[in-house]
Amino acid sequence: MATHHLAPTPETVVQVFDRALPAALTVSPGDAVIARSLDSSGYLERQTEPGEAQPRMFEPSRGHCLTGPIEVRGALPGDVLAVHFRALHPEPWGWTASGGTDTWLNHRLGVDEDRSWLLWDIDWDCTAGAGRARNQLGLGVAAAPFLGVVGLPRAVDGEVSTVPPRHDGGGNIDCRHLVAGATLYLPVTVPGAMLCVGDGHAAQGDGEVGGTAIECGMTSELVLDLVPDPVLTSVHALTPAGRLTLGFHEDLNEATAGALGDMLTWLQHDLGVSRSQALAVASASVDLHVTQVANRTWGIHALLPDGVLGTE
26 MATHHLAPTP
36 ETVVQVFDRA
46 LPAALTVSPG
56 DAVIARSLDS
66 SGYLERQTEP
76 GEAQPRMFEP
86 SRGHCLTGPI
96 EVRGALPGDV
106 LAVHFRALHP
116 EPWGWTASGG
126 TDTWLNHRLG
136 VDEDRSWLLW
146 DIDWDCTAGA
156 GRARNQLGLG
166 VAAAPFLGVV
176 GLPRAVDGEV
186 STVPPRHDGG
196 GNIDCRHLVA
206 GATLYLPVTV
216 PGAMLCVGDG
226 HAAQGDGEVG
236 GTAIECGMTS
246 ELVLDLVPDP
256 VLTSVHALTP
266 AGRLTLGFHE
276 DLNEATAGAL
286 GDMLTWLQHD
296 LGVSRSQALA
306 VASASVDLHV
316 TQVANRTWGI
326 HALLPDGVLG
336 TE
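In terms of the working numbering, the sequence shown is numbered consecutively and its last residue is 337.
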């Protein structure tokens, strides 16, 4: 297994998904990649006060600042790419912004004209894999870093926004369970897979209710592989919290059905039960969570916690 390094430079970052973009790095299945990404806005310098304008990688910005694309040799549509998060190390600062934009939720909450910013210092111990973030209000939260965007381009010509998550290739999933130790499985959409990663979050609650998490740069240690004969050919994950399936749709009901339907397929395969029996098992053991409400598309994840099901 080879280990590759990829740093964010003008030649190795993108702000859209596009299958025509050249690879920034080419690896073989089973290889490791240590990829550094800037925060979602691509800030090149640290903010010194909340909301301070600093130089950015892209001016103007049209999407998340992502590192990649990373080509995986031999990956073809119909395959499933496994992205194992071996380690995730946030950079020493981050930011959160909320309100002040014209969205249905901001309008409903009465904050569509009130923009607020938090500036965070992130104290992270790379050896221990633990840390804490504290903002200018004196409030702190435990750090639980993950990448908000892990995705592949669509099998269409032209640019595709990084904002909404997708069944075909993932993208802006924003699932807080994709921490170190998790493995995310993505259906390969184009030859070579052409993986892009970024949008580091030092911490986030389910829902990402304000539209941003603790946005930060990240150094990610990834292992990329191809999965033979996968049970699911949709976006799903094995995480330290348990197995996880994801649904994305403009309609909350459809997103829920997508996440739950994939979980039933997984349970049917593993338990050898009928689909209605799988639903009964899920009703006693599977948790549904709102992954995010911030990205023009509802995200729902179904989580079967480890150790819940057994024969005793």
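All C-beta atoms in this analysis are idealised placements derived from N, C-alpha and C, irrespective of residue type, glycine included. All figures in this text were calculated on a predicted structure; none of them were measured in a lab.
Residues of the same chain with a CB within less than 8 Å of the CB of leucine 31, apart from the 5 flanking positions on each side, are Thr37, Ala49, Leu50, Val58, Ile59, Ala60, Arg61, Thr92, Gly93, Ile95 in chain order. Partner residues in the beta bridge of glutamate 96, as assigned by DSSP, are Thr51. Below 8 Å, too few C-beta pairs join the region 172-186 and the region 124-137 to call them touching: fewer than three.
Cα atoms of proline 33 and glycine 223: separation of roughly 10 Å, rounded to the nearest angstrom.
Assigned with DSSP and collapsed to three states, alanine 60 falls in strand. Separation of leucine 101 and glycine 125 (C-alpha to C-alpha, rounded to the nearest whole angstrom) is 42 Å.
Here the alpha carbons of valine 333 and glycine 206 stand approximately 19 Å from one another. Membership of methionine 219 in any alpha helix (DSSP H) is not indicated, and neither H nor E is assigned to it by DSSP. Under DSSP, proline 212 shares a beta bridge with Val105.
Approximately 11 Å separates the beta-carbon atoms of aspartate 199 and glutamate 240; this is outside 8 Å, ruling out the contact. For the pair of segments examined, the region 76-88 was found not to touch the region 261-272: the number of CB pairs separated by less than 8 Å stays below three. Closest option to histidine 109, judged by alpha-carbon separation, among Tyr210, Thr121, Asp146, Ser301: Tyr210.
Membership of serine 245 in the beta strand (DSSP E) is indicated by the continuous run 240-251. Closest option to glycine 283, judged by alpha-carbon separation, among Arg191, Pro117, Pro54: Arg191. Annotation note: the region 125-174 contains the following uninterrupted beta strand (DSSP E) runs of length 3 or greater, listed N- to C-terminal: 141-150, 155-160, 165-167. Per DSSP, reduced to three states, the secondary structure at arginine 300 is helical. The alpha carbon of arginine 300 has as its nearest neighbour, out of Val213, Ala319, Leu289, the alpha carbon of Leu289.
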